[in-house]
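Peer 1: Position 56 of the sequence shown, counted from 1, bears residue number 948 in this note's numbering, the numbering being contiguous throughout. Beta carbons: idealized from backbone N, C-alpha and C, even for Gly. Dumping the structure here so I can ask a few things about it.
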Amino acid sequence: NVLRDRISYYLQVLWNTGKASDSILEFSIPRNSIHVIYNQTLLWAGIFFCPLLPLIISIKFFILFYLQKFTVMRNLRPIDRPWRAGQTQTLFYALTLMSLILSFASYVFIIVR
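Structural data, given as structure tokens:
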């Protein structure tokens, strides 16, 4: 699901490259932060079952970072309204903590069971 969203996002960005600047997409920091939290949750949830998962996720982060960097530098324009880190930082910390707790709760359930 996330991979499909990424591919469609990048295809839409590449499709809009030759058009007017109004049609070029904006870079969304909160959206990309949520994707990082999602990948981190997948890592925490699956590390018990697949020892190579940290390597796979690290390679995925490496490739996605440079792909996003290229896309941002070439195709996207800065966001119109400033991003307020103070308001959303607490939300991101809460989501990260919740995903960590749920991952460890599943480990405890599997081990006890």
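Go through its chain and collect everything with a Cβ distance to I1028's Cβ below 8 Å, but skip five positions before and after it.
Peer 2: Residue 1028 lies beyond the range of the chain shown here (893 to 1005); nothing can be said about it.
Peer 1: Within the same chain, show all residues whose beta-carbon is closer than 8 Å to that of G938, passing over the 5 residues directly before and after it, in chain order.
Peer 2: L945
Peer 1: Buried or exposed: L935, going by 16 or more other Cβ atoms within 10 Å of its Cβ?
Peer 2: buried
Peer 1: Assuming F1001 and L968 are in contact, meaning their beta carbons sit under 8 Å apart, how far apart are those beta carbons, in whole angstroms?
Peer 2: Rounded, the Cβ-Cβ distance is 42 Å, inconsistent with contact.
Peer 1: Within the same chain, show all residues whose beta-carbon is closer than 8 Å to that of V849, passing over the 5 residues directly before and after it, in chain order.
Peer 2: The question about residue 849 has no answer here: the residues shown for the chain are numbered 893 through 1005.
Peer 1: Going by the beta-carbon positions, is the gap between Q960 and N924 smaller than 9 Å?
Peer 2: yes
Peer 1: Taking just the CA atoms, how far does I993 sit from F957?
Peer 2: 27 Å
Peer 1: How would you write the range of the alpha helix (DSSP H) that S925 sits in, first residue to last?
Peer 2: 921-938
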